[in-house]
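Colleague: So in UniProt numbering, spot 304 of the sequence shown is number 304, and the numbers just go up one at a time. No residue lacks a Cβ here, since even glycine has one placed at the ideal position from N, Cα and C. These figures come from a predicted structure and were not determined experimentally.
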Amino acid sequence: MKEVESSSNNSATKAFANSIVKKHDSNSLLLSRKSKNLLKFEKNKKQKEKEKQISKNKNNIVIGNQELLDHIELLKSQLENAGLRPISEITSYEDGKSNLIKALEACIVDDSFFNLQEVDKWDDFIKNHPKYIEEQVQKNKLWVEDAMERGKDAIEEQKKYIPENIFDNASVVNLQNKGLSLNLATRIMRNRALWLIRMDVKDIANVHIADLKFKYSFTGLDIIELRALYACLPDKFEHDPKNEKENWKNSLIQSLKDIENQEKNGTLPKRLIRNSAYNNTNETQNIKVLKFQNPIANSNLFSEICKRRID
């Protein structure tokens, strides 16, 4: 009887021990899984942080933070070698504009070398900032739209005085015969740039740079004449490998912007508001064709001259 009872107790003890082992194994397995999941989470987190720090340039070369810092130092060194002082401070665009205003105010009080340097420093910062460049792009886009609208009106105005066949043996006399004053006829003959409103835009695109600079010089044109000239130009010139024609156009644009600013400020001279040659001239309804006088034949030259004087 005792042996049976002892055997029963041993079996119960083993069963209890086995249950404890199984429970321990279950807890260990759970802890092991938690540990693995935690390690996996940390690994993924580090990988994501690493991906944020890494980017690719245009050549698909992987670069990290250190490479970017090294490249910044390289650019700064290039600026210094070019005689420019790079800005080391990390400053926002708005703060940069505030700093420029402060520098200008300080320079008004004391135009010391340091204050002048501060003005140059923050002026360079703003003009080279991506936001400023984007602002200028949008500003220029609006200006072009406005200039083209004004230019169309200016072209219609100039067509009242510039005949459609102006390039065919035009002369002061022939222009006078269409009702233009001597002063205006002379001005039109001397300023061939005014003729371009009657030239096809494709032909203008092929005009030689030497002709643009000299034959079609826009020096001295009033604001209406200049607007008309700008509006008739092509978007892009042909045969311009050195961008000389484009530079000529940009120079014209700058001249137009300058006199427009003077117009806004009320400082534009009267001769540039409208040249006096247009005064006291009877406007024609958009001169289409200019009737030219027949050339005088060599024979009976004296009698022909006398007849025309009598007429």
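Given a cut-off of 8 Å on the beta-carbon distance, is the pair Val201 and Pro234 in contact?
Modeller: Start at 1 with the first residue of the sequence shown, and residue 201 comes out as number 201. Start at 1 with the first residue of the sequence shown, and residue 234 comes out as number 234. In this structure, Pro234 lies closer than 8 Å to Val201 by Cβ.
Colleague: May I have the straight-line CA-CA distance separating Asn65 from Trp195, to the nearest angstrom?
Modeller: Along the sequence shown, read from residue 1 onward, the residue named residue 65 stands at position 65. Along the sequence shown, read from residue 1 onward, the residue named residue 195 stands at position 195. Using only the alpha carbons, I get a separation of about 59 Å.
Colleague: Could you give the distance in angstroms between the alpha-carbon of Ala210 and the alpha-carbon of Met148?
Modeller: Residue numbering aside, residue 210 sits at position 210 when the sequence shown is read from its first letter. Residue numbering aside, residue 148 sits at position 148 when the sequence shown is read from its first letter. Those two C-alpha atoms are separated by around 26 Å.
Colleague: Going along the chain, which residues of its own chain have a beta-carbon closer than 7 Å to the beta-carbon of Pro269, five neighbours each way excluded?
Modeller: Within the sequence shown, numbered from 1, the residue matching residue 269 stands at position 269. Closer than 7 Å at the Cβ level, and outside the excluded window around Pro269, lies no residue.
Colleague: Within 10 angstroms of the Cβ of Glu225, are there 16 or more other Cβ atoms? Answer buried if so, exposed if not.
Modeller: By one-based count along the sequence shown, residue 225 stands at place 225. Under this definition Glu225 is a buried residue.
Colleague: Can you tell me whether DSSP reads Val21 as helix, strand or coil?
Modeller: Start at 1 with the first residue of the sequence shown, and residue 21 comes out as number 21. The pLDDT assigned to Val21 is 48, lower than 50, so where the model puts this residue is not dependable, and the model offers no usable value.
Colleague: Quick one: give me the first and last residue of the alpha helix (DSSP H) that Glu238 is part of.
Modeller: Within the sequence shown, residue 238 is the residue found at index 238, counting from 1. Glu238 -> no alpha helix (DSSP H), and no H or E assigned at all.
Colleague: On a CA-only basis, which of Asn128, Cys107, Ser276 is nearest Val119? Give me that one, please.
Modeller: Here residue 119 refers to the residue found at position 119 of the sequence shown. The residue with the shortest Cα to Cα distance from Val119 is Cys107.
Colleague: Once you ignore the five residues that flank Arg274 on each side, which residues in its own chain have a CB closer than 7 Å to its CB?
Modeller: Along the sequence shown, one-based indexing puts residue 274 at 274. Closer than 7 Å at Cβ, skipping near neighbours: Asp222, Ile224.
Colleague: State the Cα-Cα distance for the pair Gln262 and Leu272, rounded to the nearest angstrom.
Modeller: On the sequence shown, residue 262 is found 262 positions in, with the first residue counted as 1. On the sequence shown, residue 272 is found 272 positions in, with the first residue counted as 1. Whole-angstrom Cα-Cα distance: 10 Å.
Colleague: Out of Glu135, Arg85, Arg150, which has the shortest C-alpha to C-alpha gap to Arg227?
Modeller: On the sequence shown, residue 227 is found 227 positions in, with the first residue counted as 1. Answer by Cα proximity: Arg150.
Colleague: Quick one: what's got a C-beta closer than 7 Å to Arg85's C-beta in the same chain, skipping five residues either side?
Modeller: In the sequence shown, residue 85 corresponds to position 85, counting from 1. Correct list, in chain order: Lys121.
Colleague: Does the distance from the C-beta atom of Ala205 to that of Glu238 stay below 8 Å?
Modeller: Against the sequence shown, residue 205 aligns to sequence position 205. Against the sequence shown, residue 238 aligns to sequence position 238. Cβ atoms of Ala205 and Glu238: closer than 8 Å.
Colleague: Determine the DSSP secondary structure at His71, reduced to helix, strand or coil.
Modeller: Stepping through the sequence shown from its first residue, residue 71 is reached at position 71. DSSP places His71 in helix when its eight states are reduced to three.
Colleague: Can you look up Glu118 in the DSSP assignment and give me helix, strand or coil?
Modeller: Walking along the sequence shown from the start, residue 118 turns up at place 118. It is helical.
Colleague: Kindly indicate which residue of Val172, Asn183, Lys249 has the alpha-carbon position closest to the one of Val207.
Modeller: Counting from 1 along the sequence shown, the entry for residue 207 is found at position 207. The residue with the shortest Cα to Cα distance from Val207 is Lys249.
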